[in-house]
Amino acid sequence: MSSYTPLPCSSTAMGLIQTIFGFHSIPVSTVLVLIYAIVWLSVYITDQLAAVPANLPGKINLTEAYLDLERLTLRPHPYNSHANDDVRDFILDTITKRNPNVEIVYDTNSTGTWVGATVVGVPAMASYFEGNNILVRIPGTAEQSTPGVLFSAHWDSVSTAPGATDDGIAVSILIQLVSFFHKHPPRRTVIFNINNGEEDGLHGAHAFLLHPWASEVRDFVNLEGAAAGGPVLPFRATGESIMRAYRKGVGNVHANVLSADAFERGVVRSGTDYQVYTADEMRGVDLAFYRGRARYHTKYDAVPWTEGRERAVWSMIEAAYGTGATLANEGSVEASLPAERKGVWFDLFGSALLLFTLDSMFVFNIVTLVVGPIVLLLLLTLQVAVSRKRTRSGQWLVFSSTPMARALWTSARYWFALIVVVGVQAGWVAGWVKLNPFMVHTYPYTVLTSSFTLSFLIFTFVVNVPLPAKMTGNTQHLSPSPLPLLLHTYFLTYVLLIVSTVGISKLHISGSYFITAWNLLIWVACVFGVIFGKGGLVFSGKQTFVISEEDLNEESDELRSASAGLSEDRQGQAPEENVNATERTPLLSRSDSTSSHTPPKSIEPDTQVHATELQTTYTWLPLILIVLPLPLVLLSQITIILVGALPQTLADGNSALAVYIPLAGIAGVAGLFGWPFVICGSSSPENNKGLYMGGLHRYVVLLLIVVFVVTTLPGWLAGGFYGDIADRGLTRWTESHGLYPPFGPETPLKVFFQQTVELSPPEITQNDGHILTIQHESGNTTVKMETTLTASGEFLEHWIVPRIPSALTAITRAKGGVTCSSLGVDPRKIGLSKCAWPSGEGMIPEPGSDDSDDNDDGGPWHWRTSPNPWFSANIRNQLFNDSSAPHTMHPVRGASIFIRGTNTRNCRVYFDQPVARYRVRDSEHGLDVSWDTQKGYSVPETGLNEVSLWSRDWGKNFVLDVIWKEQDLGFGVQATQKPFHSQRQTQRTGKVACEWAEYESGMAGLERTVPPGTPMKSSDSKLEAKIPAFEEILSFLPRWAVVSKLTDGLVEVWQTFGYTIL
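For the sequence shown, the UniProt record's numbering assigns the number 1 to the initial residue and increments by one for each residue that follows.
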């Protein structure tokens, strides 16, 4: 029996401290759980909508704004509707009555043509648009003239939604801001563009650029809505100075630069007026709602369904007023800043906005990449040098004959576990995508929890796997310090930081700030661990106290009760001196064999205890507080935004992989923060009786397993309750009951509707259910009429179409039946299918009527439409003088297309052969109208295949002139190289169409143009437009689905044309 110096009286206290703060399972598990829970709850709670303050700034009247919102959103009011005119009149009357003498313009002069795409990656479309924006100007008070500030929102909605968040709240707020600035003029001039036509191609913003006031503004604040309420997010901003104004003026901030990156990279397939203004070299910000995408552009975008209601309105008021008023009251120096600098911004707990330039972050990254590893390597080198010196003096044996297998495993286990986690997470993603992709649509946090628990469990098990005794020399000691894994994590973040810095340099990606912060904190933790950790520089001359085996028996009860685990021998036999497993025992235990080393006898007890206290008790706590809370806060903020924006995009055709991969990545990184502290190990390499250190408590591991099973297995099984498995009759999912139903009234499945009517189809099949004969005063016409629904294929085909009476009739009569296919669906919309069937005789759309005259000027015509009640169109060959070759004025061939739709403001022409130029005139103008398009929006070199026509008047006679893009026809200077008479004859084909967006239930309560009771004449029936097929869908959709528009018109009536160019 060996002897030792008696422990001082403080040993009992040290045992208590070890029990509470020691690096073993109970303290580690407790701290990890508390940090994760506290951080997440703090972020989640502070993310909620702020309460409306008692006193609003500038006496803005929230009650009045809310009443205006209800009036604005009584019914859908797209540009192509009479309800749109009603909303326009209300806005004009309200502003005028509340603000006498305010400078207000109803702009009916801004008319133009442009070619542009509203969404990144979508082919550009040509437009002709007649604007009718409402403009208000309030002059600034500054003596020195400075560029003004533009406030912008659109009053039109889509045809399937009243437009509460898109964009009724914004318009009601601009009405309030007009009153505020009218009473309190700012330093800089402010101009309000309450525009019309945004939903169909950002037309109102384009029209504003044609107005003289557009030259008076440089900054803008655009108010938008892409969801169903909640907090307002700066979707994107041109740079750091605009966000500085947001930070200064907004108290409850909610912002992250990742949303701007998503727009710039084309990840977000949506367009706003922001992109029109920035293309005109303005600087500004896009403020928008972004949560609840499932209700966007549906009947649920209404005041009763708005998330937060008054608080959502206040959120937009605060963001718009705070940012706009700050910009409008800037000094002349600030207002004259030149080019905007790209910025990086993110909020902390909704109360502080961190903001800096992208250039600053790039410089910081470079410095970090250079200085960080140099400092760390110098410290590690110094530590090794000091340790070797102590070894040569005989005071501390640092190096031992460690078996090669164990040494390799100690170094590689982190990366091996990381690879396993990534592989398992890939399988997790594949499982959800295959079995139940729409689980995330309604239960995003359940899916996120599933991924988080899986990554934590897999890493914990893999990194703590013991090696066979034959490979380790019958020793399984693993360092109880988290420092080795922190060093590996630093290397991982260093690689990520290199990638991030390259992304900043090449792609100007701003959202990588998280990697910069993570790398910095891991570096600080590593430096701290090297200096103060076990075996670190501070303690490299002090020996950790180890008592002998005989003496350990006398003291082991108290110490072992504080440990996180108990060693077991390699063969599974518990040594006699080991105590039984307790609740503190880690789930994955290891066994240590007796080492040949004996403890040095020259170390004083006080020194031994002091070193043990500092090295094993205190050092892991600062490390975990350095590396876990702040990165977790930053990641949680990102998670909140992604969960609010991504999951419900599946119904719009977003890829399931594009949703599940980011969620899996976020959950995996969140777990990675805590990985260095889940390693288990022995506190004594010299004795197999050493206390087990670190690791998760077995009950925590079991809890994680249970949570993973509960959040994953039922969701995967629920996939069998609908979709393809339902065809095999295994089970059935309904909206009334079921396991994890993917949709509900608050998270409905979006179904896209359109009815098409083809006039005089070229191919008519006998007994084809699509074919009907329409009687018209000028003759009868055969039409082919189809109802189409587009949605997620499995739900559309199995659960929606069979509930629609006209579809069932088509199936029963076997006249064309129902055809479902992904053909004809936008290829970017993954997973969507289109089902089409004959509409039936009772589903003929009625356009109503108007008082406009026909466009027939007597011809001669080379093609004309069949007689029908919807529209008339005529085409004739035309020669034009090419203005691009003014010296030659050689004629080039084209066509003049005359179109007039009944009770509509929107028609379009599709061309099978591209056109090189186009212009629009009315029948009162000659051929001297300019061919020029809006600056920056010219016809591409490849030509155009579609032109959309929009008028501010009903039943307008459009005259569309086009020049064909064909070398054999000649264009520009090329035309001089071939005589006109030598150009060969050729065929021109395409189709002419007009659109309608009004239906009976959507116009309920809209006042007629004649007093009630007056006999209805044809000229009074403007409000009698009907779309019975759409009303049928509204009535028979299941309650977990909701209809939205597929394109501009709910009904498109068209006819193909073909004629020969002589």
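Glycine included, every Cβ here is placed at the ideal spot set by N, Cα and C.
Query, Result
"Identify which residue in Ala836, Phe795, Thr782 and Val825 has its Cα closest to the Cα of alanine 807.", "Ala836"
"Please say whether alanine 791 and isoleucine 804 have beta carbons closer to each other than 8 Å?", "no"
"Skipping 5 residues on each side, what residues in its chain have a beta carbon closer than 7 Å to that of glycine 943?", "Pro914, Val915, Ala916 and Lys965"
"Let me make sure I understand the geometry here. Which of Ser360, Phe349 and Pro745 has the alpha-carbon closest to that of leucine 630?", "Phe349"
"May I have a chain-ordered list of the beta strand (DSSP E) segments no shorter than 3 residues that lie completely inside the region 891-921?", "891-901 and 906-921"
"By the 10 Å Cβ neighbour count, where 16 or more other Cβ atoms means buried, how is arginine 698 classified, buried or exposed?", "buried"
"Can you tell me whether threonine 819 is helix, strand or coil according to DSSP?", "strand"
"Would you decide whether serine 500 is buried or exposed? Buried here means 16 or more other CB atoms lie within 10 Å of its CB.", "buried"
"Under a Cβ-count criterion, where at least 16 other Cβ atoms within 10 Å of its own Cβ denotes burial, should aspartate 89 be classed as buried or exposed?", "exposed"
"Please confirm whether arginine 244 and leucine 355 have their CB atoms less than 8 Å apart.", "yes"
"Would you mind stating whether tryptophan 716 and glycine 431 have Cβ atoms separated by less than 8 Å?", "yes"
"Tell me whether isoleucine 844 sits in a helix, a strand or coil according to DSSP, three-state version.", "coil"
"I need the straight-line Cα distance from serine 505 to phenylalanine 362, nearest angstrom please.", "8 Å"
"For lysine 784 and glycine 131, what's the separation of their Cα atoms in angstroms?", "34 Å"
"Pull up the distance between the alpha-carbon of phenylalanine 23 and that of glutamine 648, whole angstroms please.", "43 Å"
"Tell me whether the region 294-305 and the region 156-174 touch, counting them as touching only if at least three CB pairs, one residue from each stretch, are closer than 8 Å.", "yes"
"How many Å lie between asparagine 101 and leucine 287 at the Cα?", "29 Å"
"Taking only three categories from DSSP, how would you classify threonine 73?", "coil"
"Determine the DSSP secondary structure at histidine 211, reduced to helix, strand or coil.", "coil"
"Using CA coordinates, which residue listed in Ser821, Asp85, Leu628 and Val892 is at the minimum distance from isoleucine 1061?", "Val892"
"Evaluate histidine 508 with the Cβ neighbour count: other Cβ atoms within 10 Å of its Cβ, from every protein chain shown; 16 or more gives buried, anything less gives exposed.", "exposed"
"Check this for me: beta carbons of glycine 112 and glutamine 934, under 8 Å apart or not?", "yes"
"Measuring straight from C-alpha to C-alpha, what distance separates valine 1053 and tyrosine 910?", "13 Å"
"Using alpha carbons as the reference points, say which of Pro1028, Val706, Leu635 and Pro860 lies closest to serine 896.", "Pro860"
"Using the rule of at least 16 other Cβ atoms within 10 Å of the residue's Cβ for burial, across every protein chain shown, is glutamate 777 buried or exposed?", "exposed"
"Identify, in the order they occur along the chain, each residue of the same chain with its Cβ nearer than 6 Å to the Cβ of tryptophan 996, setting aside the five sequence neighbours on each side.", "Pro847, Thr904, Gly1049 and Val1051"
"Using only the alpha-carbon positions, how far apart do serine 930 and valine 962 sit?", "12 Å"
"Take valine 344 and list the residues in its own chain whose beta-carbon comes closer than 6 Å to its own, dropping the five residues that flank it on each side.", "Val257, Phe356, Leu358, Met361, Ser510 and Tyr513"
"So the beta strand (DSSP E) valine 962 belongs to, where does it begin and stop?", "957-964"
"Name the two residues that bound the continuous alpha helix (DSSP H) containing arginine 218.", "Arginine 218 -> not in any alpha helix (DSSP H); beta strand (DSSP E) instead, spanning 217-225."
"Using beta-carbon positions only, say whether valine 947 and arginine 921 come within less than 8 Å of one another.", "no"
"Is the region 745-754 in contact with the region 453-468, if contact means three or more CB pairs nearer than 8 Å?", "no"
"I need the straight-line Cα distance from isoleucine 191 to serine 215, nearest angstrom please.", "11 Å"
"Hey, isoleucine 169 and alanine 312 are a contact pair by Cβ (cut 8 Å); roughly how many whole angstroms apart?", "7 Å"
"Can you grab the Cα-Cα spacing for the pair valine 39 / threonine 30, in whole Å?", "14 Å"
"Helix, strand or coil for isoleucine 104, going by three-state DSSP, please let me know.", "strand"
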